[in-house]
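Participant: The structure follows.
Number of protein chains: 2
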Amino acid sequence: MEILVAKSSGFCFGVKRAINMAGKCASGEDKEGGAIHTLGPIIHNPQVVKMLEESNVYARKDLSEIDSGTVIIRSHGVTFEEYKEARDKGLSIVDATCPFVKTAQDLVSRLAEEGYQVIVAGEKDHPEVKGLMSYGGSRVRVVSGIAELLDMPRVAKLGIVAQTTLRMEKFEDIVSFCLHKASELKVFNTICNATSTRQTESAALAKEVDVMVVVGGKNSANTRRLAEVCRAVQPETYHIEIASELRPEWFEGKGRAGVTSGASTPEWLIGAVVQRLREISPK
Amino acid sequence: MEILVAKSSGFCFGVKRAINMAGKCASGEDKEGGAIHTLGPIIHNPQVVKMLEESNVYARKDLSEIDSGTVIIRSHGVTFEEYKEARDKGLSIVDATCPFVKTAQDLVSRLAEEGYQVIVAGEKDHPEVKGLMSYGGSRVRVVSGIAELLDMPRVAKLGIVAQTTLRMEKFEDIVSFCLHKASELKVFNTICNATSTRQTESAALAKEVDVMVVVGGKNSANTRRLAEVCRAVQPETYHIEIASELRPEWFEGKGRAGVTSGASTPEWLIGAVVQRLREISPK
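Given below as C-alpha cells:
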C-alpha cells in the first residue's frame with residue numbers, strides 16, 4: 001500500500017513555537033527555578049500534555065492553582081486580566097501566545113482606543129476569543145453569526161477582527177451584514193490561512209486515496225473539522241489519536257492511504273502512524 | 284378609480300436642492316451677470332431641462348462650451364479637474380453637488396491621503412463615479428462587480444466607498460471579496476437610502492393596485508429601474524414622461540391606480556399625471 005502524507009500536516013507555526021518554548025522551559029534553558037505550569041493544556045493533544053508532565057511541566061486550570069514559579073501562556077493567548085494577575089503574583093511569564101493572535105489582540109485594543117465599537121467574529125467560549133475580547137473592554141461584542149447582529153443598534157463606527165481560525169465564509173457574512181449597522185467599518189482580516197490551507201490540501205489528498213487517516217486529539221476542534229472535510233470527499237476517513245488505534249481491516253485491499261493531522265498533532269505521532277501503516281501493509 | 288401616489292415619489296433631497304439652486308440663479312438671486320450654464324443636463328428629465336432653457340439656463344456638454352458667466356454643478360458632482368478648470372476660467376461656480384456625493388468625494392480623498400488603495404464600487408461611466416475617482420488620483424480603481432477584482436494584486440490596505448445609488452447587495456459582494464485582497468479594509472457605506480426606500484415603497488404600492496404608472500425621464504437610469512421593480516410585482520406597469528402619454532384603455536375597469544416617480548421627476552409632472560388620471564376616470 002502506498003502511503004501519502006499531506007504536506008501541511010503537523011503543527012502550525014504558532015503551536016510549534018509554543019511547544020518549543022515549553023520544551024526550553026522543561027530543559028531548564030529558560031527556567032528561573034520553581035515549578036513550571038501551563039495555563040490550560042498547552043495544546044489540545046493529550047499525548048503532548050502527558051509528555052510535558054513527564055518533564056515536570058503541568059497544565060493548570062487557572063491562576064488560582066499557580067502561586068509561584070513559571071507560567072507558560074499557550075498559543076491561544078490569555079485575557080488582559082489574567083496576564084496582569086500573573087504579573088502581580090510575581091510569576092515568571094513565558095508568553096507563547098501565537099504572534100497572529102497577539103496581532104489580533106493589539107488590533108482590538110487599537111480599534112477600541114480609536115473609538116470603534118469592536119466586533120470579534122468567532123466563538124465566545126473559545127480561549128482565543130476570550131483573550132481578544134478582554135483587550136477592548138466594554139466596547140467589544142463577540143459574534144458567531146449574523147443572527148446575533150440583528151438586535152444590535154446602529155453605530156457610527158464599527159471595527160471588526162476575526163478569531164484566527166474562523167472560516168472565511170463566516171467572516172464574509174458577518175462583515176457584509178455589518179455594512180447595515182454602521183456607516184464606517186474598519187476590518188482587519190486576522191484569519192490565519194494555515195487552517196484553510198491544511199483543509200484544502202488534505203481534501204485534495206483524500207480524493208486521491210482509497211482510505212484516509214486523520215491524526216489528532218479528539219478534543220481538538222480543528223482536527224475534528226479536518227476529519228469532516230476529508231470525509232466529505234472520502235467516506236472511508238478515520239480520526240485517530242495514536243497509531244495503536246489503526247485496525248488492519250480498514251486497509252484490506254486498499255492501494256493508497258492518505259495521512260493528515262490537525263494543527264496540534266506532533267510530527268512523532270504522525271511518524272508512528274506511518275510506521276504502523278507500513279507494518280499493516282508492507283508492500 | 285382610486286388614485287394612490289407613493290409617499291417617496293418626486294425629487295430626492297440632492298436633486299431638489301440642485302433644482303432650487305438653479306432656480307435661484309435663473310431668477311437672478313444668485314446671478315453675478317452673464318450667461319448661466321449647467322455642466323451636463325441638471326437632471327435626467329427633459330421637461331425640467333426645457334423649462335430651465337426657457338429661463339435662460341442652458342445645459343452644456345463640457346467646459347469647452349462655457350467661456351464666461353455662471354456654471355452650475357449638478358447633483359452628481361464633477362471631477363476635481365473640471366472644478367479646477369471652471370475656477371481657472373474665472374467662471375462663477377454654483378456648486379449643487381449632492382451633499383451625500385460631496386461626502387463620498389471627501390472620503391475618497393481622505394483614504395488616498397491615508398495610503399489606502401481606493402475602490403469605488405459603482406459604474407465607471409456614471410458622472411458621479413467619474414467625479415469620485417478624480418479625488419483619489421492614481422490610487423483609485425472603479426469596480427462594478429467582483430469579476431473586476433479577480434486580477435487585482437493583494438495590497439496591505441484597501442479603502443472602499445460606493446456610488447450613492449449602488450444596490451446594497453452589490454456593495455456587500457464587493458466588500459466580501461475585498462477581504463481576500465487586503466489584510467485591512469476601511470469601508471464607508473456611502474449608499475443613499477433614498478433609492479432603496481423609493482423602490483420598496485413603490486413595489487408595495489404596485490402590489491395594492493390594479494395598474495401602476497411610473498413617471499420620469501426615459502433617460503433616467505433610476506426611473507427605468509423603478510419601473511422594473513414595479514413591473515415585477517404588477518405586470519400592468521407603464522413608464523411615461525408626461526401626462527399626455529397616458530392612454531384611457533390602460534385604466535378601463537380598474538379600481539385602483541398607483542403613481543410613483545424617479546428621483547429626477549418634478550412634483551408638477553406628477554401632479555399633471557394625477558389630474559389626467561382623474562379626467563380619464565372621474566369616479
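Chains as they are written, first to last, in the numbering used here: chain B, 1 to 283; chain Z, 284 to 566.
Ideal Cβ placement from N, Cα and C applies to all residues, glycine included.
The model shown is predicted, which means the values in this text are computed figures rather than measured ones.
Between the alpha carbons of E201/B and H409/Z, how many angstroms are there, rounded?
Facilitator: 44 Å
Participant: Identify, in the order they occur along the chain, each residue of the same chain with its Cβ nearer than 6 Å to the Cβ of S8/B, setting aside the five sequence neighbours on each side.
Facilitator: T197, R198, E201
Participant: Identify the continuous beta strand (DSSP E) that holds Y521/Z and give its terminal residues.
Facilitator: 520-523
Participant: As a quick exercise: from V211/B, T165/B, E208/B, V213/B, pick the residue whose alpha carbon is nearest that of A194/B.
Facilitator: T165/B
Participant: T260/B by DSSP, collapsed to three states: which one?
Facilitator: Three-state result, T260/B: strand.
Participant: Using the three-state DSSP reduction, which class does K367/Z fall into: helix, strand or coil?
Facilitator: helix
Participant: Tell me whether R60/B sits in a helix, a strand or coil according to DSSP, three-state version.
Facilitator: strand
Participant: What would DSSP say about D95/B, mapped onto helix, strand or coil?
Facilitator: strand
Participant: Indicate the three-state DSSP secondary structure (helix, strand or coil) for K407/Z in the structure shown.
Facilitator: coil
Participant: Would you say V187/B reaches chain Z, if we count a Cβ-Cβ gap shorter than 8 Å as a contact?
Facilitator: yes
Participant: If you check the beta carbons only, do E550/Z and G311/Z fall under 8 Å apart?
Facilitator: no
Participant: Along the chain, where does the alpha helix (DSSP H) containing T197/B start, and where does it finish?
Facilitator: 193-208
Participant: Could you give the DSSP three-state label for E397/Z: helix, strand or coil?
Facilitator: coil
Participant: So what does E184/B bridge to, in DSSP terms?
Facilitator: K157/B, F471/Z
Participant: Based on Cα-Cα distance, which residue from I270/B, L150/B, V118/B, R154/B lies nearest to Q163/B?
Facilitator: Its Cα nearest to that of Q163/B, the residue V118/B stands out among I270/B, L150/B, V118/B, R154/B.
Participant: On the three-state DSSP scale, how would you describe V175/B?
Facilitator: helix
Participant: What does V458/Z touch in chain B if you count any residue whose Cβ is under 7 Å from its own?
Facilitator: V175, S176, L179
Participant: Who are the Cβ neighbours of M133/B in its own chain at under 7 Å, not counting the five residues just before and after it?
Facilitator: V120, V140, V142
Participant: Run through chain B and tell me which residues come within less than 7 Å of S466/Z, C-beta to C-beta.
Facilitator: F188, N189
Participant: Decide if E285/Z is buried, meaning its Cβ has at least 16 other Cβ atoms within 10 Å, or exposed.
Facilitator: The residue in question, E285/Z, is exposed, as its Cβ has fewer than 16 Cβ neighbours within 10 Å.
Participant: Which residues in chain Z sit within 8 Å of E128/B, going by Cβ to Cβ distance?
Facilitator: Ordered by position in chain Z, no residue passes the 8 Å Cβ test against E128/B, which lies about 18 Å from the chain.
Participant: Quick one: measure Cβ to Cβ for E431/Z and S176/B, integer angstroms, because I've assumed they're closer than 8 Å.
Facilitator: Actually they do not touch by this definition, with Cβ atoms about 18 Å apart.
Participant: Would R17/B and A96/B qualify as a contact pair, given that the criterion is a beta-carbon distance under 8 Å?
Facilitator: Yes; because the gap between Cβ atoms is below 8 Å, this pair is in contact.
Participant: Report the rounded CA-to-CA distance for A489/Z versus V496/Z, giving the unit in angstroms.
Facilitator: In a straight line, the C-alpha of A489/Z is about 9 Å away from that of V496/Z.
Participant: Run through the DSSP bridge pairs and tell me what R561/Z is partnered with.
Facilitator: The partner list for R561/Z (beta bridge, DSSP) is empty, contrary to what the question assumes.
Participant: Which residue spans inside the stretch 131-157 of chain B form an unbroken beta strand (DSSP E) run of at least 3?
Facilitator: Within the stretch 131-157 of chain B, the complete beta strand (DSSP E) runs of at least 3 residues are 140-143.
Participant: Measure the beta-carbon distance from E486/Z to V512/Z and round it to whole angstroms, keeping in mind my assumption that it falls under 8 Å.
Facilitator: The residue you asked about is not Glu; residue 486/Z is Ala in the sequence shown. Right, their Cβ atoms sit about 5 Å apart.
Participant: Going by C-alpha to C-alpha distance, which of E528/Z, P565/Z, S527/Z sits closest to K537/Z?
Facilitator: Per the C-alpha coordinates, the member of E528/Z, P565/Z, S527/Z positioned closest to K537/Z is P565/Z.
Participant: Specify, as a first and last residue, the run of the beta strand (DSSP E) that E285/Z falls within.
Facilitator: E285/Z -> beta strand (DSSP E) spans 285-288.
Participant: Does the CB of F454/Z have a neighbour CB from chain B at under 8 Å?
Facilitator: With 8 Å as the cut-off, F454/Z counts as an interface residue toward chain B.
Participant: May I have the straight-line CA-CA distance separating I73/B from M21/B, to the nearest angstrom?
Facilitator: Looking at the two C-alpha atoms, the distance is approximately 10 Å.
Participant: Is V78/B helix, strand or coil when you go by DSSP?
Facilitator: coil
Participant: Hey, how far is the Cα of L335/Z from the Cα of R539/Z?
Facilitator: So the alpha carbons of these two residues sit roughly 34 Å apart.
Participant: Spell out a yes or no on whether the stretch 234-253 of chain B and the stretch 263-278 of chain B are touching, meaning 3 or more CB-CB pairs, one atom from each, closer than 8 Å.
Facilitator: yes
Participant: Compare the beta carbon distance of L150/B and E82/B with 8 Å and say whether it is the shorter of the two.
Facilitator: no
Participant: Taking the DSSP output, what are the residues bridged to D445/Z?
Facilitator: Reading the sequence as shown, one finds Ala at residue 445/Z and not Asp. A404/Z.
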